[in-house]
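Structure first, commentary second.
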Amino acid sequence: MQKEIVHQLPKVELHCHLDGSVPMETLKKLAEKQQFDKTLLDQIVAPAKCHDLADYLKSFDITLQLLQTYEQLEESAYATAEAAALENVRYLELRFAPLLHTEAGMTLPEIIAAVSNGIRRAMEQYNIVVNLLICGMRQHPNEDNLVLLSEVMNTRENLLVGFDMAGPEPDLANDHIGPLTTFAKEKDLQITLHSGECGCAHNVVQAIHLGAERIGHGIATQMDEAAQMLCVEKGTVIELCPTSNIQTNAVENWDVYPLFNFMEKGIKCCVNTDNRTVSHTTLTKEYLLLAEHLGINYATMKTLNLNGLAGAFTTSEVKAQLSTVIAEAYAPYV
Ligand SMILES: [Zn+2]
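The numbering of the sequence shown is this note's numbering, which starts it at 953 and goes up by one.
Here is the structure:
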């Protein structure tokens, strides 16, 4: 596959964290405005191999210091959506954890307004549809995450379409979050959950039982036949994030990356960046890496994007329109 072609083909991305994806240029601009120690910015891009997920997550302690005011969040959301649009991502779901942006006194409605307004500005300027997912954080107690969901949904912001749980994934990650997913579903949010990133297949099974239509990473699914069968039966979409998965040691190396393993079993997968800046990647780069290491072709790339579209938390009109766009654009290459 060729870089220019992969770059210009329309793409769908469902798993992208705002705080890990703000373009470095934007972070530099924000750092200058508040006399931030700019040498810290050098530590944001995570090493090619981290010790584990917790190690990878350290980068966020730095970026989050620059995402604490309305202007910072609005500009960052805009610039992240712009970066995706410029590589022809036509549908993006951007996720963020509002409780991580309250340190300078912003309220939850202000945080939602900042991100939504930045996204709207990007959508007015570029040919991209963006929706937002709210992340609860696993390190916060259920009570805090419930207050978060309730306050966030009171804003009636129509860009908010889904709920996720992010943060360090311990063995019992999904055991206690039933009240959160139940509440989110009552508020018409669709569910995707980070699960199976740290070797725990039972978290994937539990996530699906809790109503997750998609699984973030889901790597551990490869070790458990029951989890695989459940994904096939329910049509669960696995949001793979190749570079990130190798960085966090969810997957040891490219030779054992489970993309084809999943696809051959009939599990729907899609490809994502996870964190464009922290993982120093783009969606174009992720597809090129899959071509280089696993030998994927344009037909597989098209399938992966259609899988993403099928699992997108958007209207049937948007899905129908984008599936036509994808069919036409990929036709010369498949
Ligand atoms: Zn993630």
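Glycine included, every Cβ here is placed at the ideal spot set by N, Cα and C.
Sort Phe988, Leu1258, Leu1246, Leu1038 by Cα distance to Gln1273 and report the nearest one.
In the sequence shown, the residue the question calls residue 1273 occupies position 321. Per the Cα distances, Leu1258.
Below 7 Å, is the gap between the Cβ of His1323 and the nearest heavy atom of ligand 1?
A query on residue 1323 cannot be resolved here, the shown segment of the chain reaching from 953 to 1286 and no further.
Any heavy atom of ligand 1 closer than 7 Å to the Cβ of Gly1168?
Locating residue 1168 in the sequence shown gives position 216, counting from the first residue. Under cutoff, so the answer is yes.
If you check the beta carbons only, do Leu1211 and Cys1222 fall under 8 Å apart?
By 1-based counting over the sequence shown, the position of residue 1211 is 259. By 1-based counting over the sequence shown, the position of residue 1222 is 270. No. Outside cutoff.
Three-state secondary structure (DSSP) of Asp1091:
Counting from 1 along the sequence shown, the entry for residue 1091 is found at position 139. This sequence places Gln at residue 1091; Asp is not what is there. Here Gln1091 sits in coil by DSSP.
Kindly give me the distance between the Cβ atoms of Ala1178 and Val1157, rounded to whole angstroms, as I take these residues to be in contact under 8 Å.
Locating residue 1178 in the sequence shown gives position 226, counting from the first residue. Locating residue 1157 in the sequence shown gives position 205, counting from the first residue. Rounded, the Cβ-Cβ distance is 7 Å, consistent with contact.
If you follow the beta strand (DSSP E) that Ser1147 is part of, which residue opens it and which one closes it?
To locate residue 1147, count along the sequence shown from 1; it is residue 195. Looking at the DSSP string, the run of the beta strand (DSSP E) that includes Ser1147 is 1142-1147.
If you reduce the DSSP assignment to three classes, tell me which class Leu1241 lands in.
Position 289 of the sequence shown, counted from the start, is the residue given in the question as residue 1241. If DSSP states are grouped into helix, strand and coil, Leu1241 belongs with the helices.
Asp1116, enclosing beta strand (DSSP E) - first and last residue:
Walking along the sequence shown from the start, residue 1116 turns up at place 164. 1112-1118 is the span of the beta strand (DSSP E), which, as asked, contains Asp1116.
Within the present structure, is the beta-carbon of His1092 separated from the nearest heavy atom of ligand 1 by less than 7 Å?
Taking the sequence shown and counting its residues from 1, one reaches residue 1092 at position 140. The answer is no for His1092.
On the CB-based measure, 16 or more other CB atoms within 10 Å of its CB, does Pro1131 come out buried or exposed?
Stepping through the sequence shown from its first residue, residue 1131 is reached at position 179. It counts as exposed.
To the nearest angstrom, how far is the alpha carbon of Lys981 from that of Lys990?
Along the sequence shown, one-based indexing puts residue 981 at 29. Along the sequence shown, one-based indexing puts residue 990 at 38. Taking the straight line from one Cα to the other gives about 10 Å.
What distance in whole Å lies between the Cβ atoms of Val964 and Tyr1043, which are believed to be in contact at a cut-off of 8 Å?
Residue mapping note: residue 1043 aligns to position 91 of the sequence shown, counting from 1. Residue mapping note: residue 964 aligns to position 12 of the sequence shown, counting from 1. With a Cβ gap of about 5 Å, Tyr1043 and Val964 count as contacting.
Distance, Leu1235 Cα to Tyr1008 Cα
Counting from 1 along the sequence shown, the entry for residue 1008 is found at position 56. Counting from 1 along the sequence shown, the entry for residue 1235 is found at position 283. Their backbone Cα atoms lie some 19 Å apart in a straight line.
For Ala1118, is the beta carbon positioned less than 7 Å from some heavy atom of ligand 2?
You won't find ligand 2 in this model; what it holds is ligand 1.
Flag this pair as touching only if the region 1044-1051 and the region 1059-1073 have three or more C-beta atom pairs under 8 Å; answer yes or no.
yes
List the residues that DSSP assigns as beta-bridge partners of His969.
What you label residue 969 is simply residue 17 of the sequence shown in a count that begins at 1. Bridge partners of His969: Arg1047.
Complete runs of the alpha helix (DSSP H) confined to the region 1022-1079 [at least 4 residues]:
1022-1038, 1060-1077
Would Thr1229 be called buried (16 or more neighbouring beta carbons within 10 Å of its own) or exposed?
Position 277 of the sequence shown holds residue 1229. Per the 10 Å Cβ criterion, buried.
Selected residue, minimal CA-CA separation from Glu935, among Thr1255, Leu1240, Leu1261
In this structure the chain extends from 953 to 1286, so residue 935 is not present and cannot be described.
Let me confirm a value: Met1117 is counted as buried when at least 16 other C-beta atoms fall within 10 Å, else exposed. Which label applies?
For the purposes of this step, residue 1117 is taken as the residue at position 165 of the sequence shown. Per the 10 Å Cβ criterion, buried.
Are the beta-carbon atoms belonging to Ala1036 and Ile1080 less than 8 Å from one another?
In the sequence shown, residue 1036 corresponds to position 84, counting from 1. In the sequence shown, residue 1080 corresponds to position 128, counting from 1. Cβ atoms of Ala1036 and Ile1080: closer than 8 Å.
Quick check: the region 1263-1277 against the region 1192-1211, are at least 3 beta-carbon pairs closer than 8 Å?
no
Could you tell me whether any non-hydrogen atom of ligand 1 is closer than 7 Å to the CB of His1232?
On the sequence shown, position 280 is the one that residue 1232 refers to. No, the beta carbon of His1232 sits no closer than 7 Å to any heavy atom of ligand 1.
Put Glu1216 into one of helix, strand or coil per three-state DSSP.
Taking the sequence shown and counting its residues from 1, one reaches residue 1216 at position 264. Three-state DSSP puts Glu1216 in a helix.
Could you tell me which whole alpha helix (DSSP H) segments of length 4 or greater appear in the region 1128-1200?
1130-1138, 1153-1161, 1177-1186, 1194-1199
Are the region 994-1012 and the region 1076-1090 touching, with three or more C-beta to C-beta distances below 8 Å?
no
Could you give the DSSP three-state label for Leu961: helix, strand or coil?
Within the sequence shown, residue 961 is the residue found at index 9, counting from 1. Of the three classes helix, strand and coil, the one that applies to Leu961 here is coil, per DSSP.
Taking only three categories from DSSP, how would you classify Asn1083?
Here residue 1083 refers to the residue found at position 131 when the sequence shown is read from its first residue. Asn1083: strand per DSSP, three-state reduction.
Can you give me the start and stop residues for the alpha helix (DSSP H) that Gly1263 sits inside?
Locating residue 1263 in the sequence shown gives position 311, where the first residue counts as 1. Unbroken alpha helix (DSSP H) run through Gly1263: 1250-1263.
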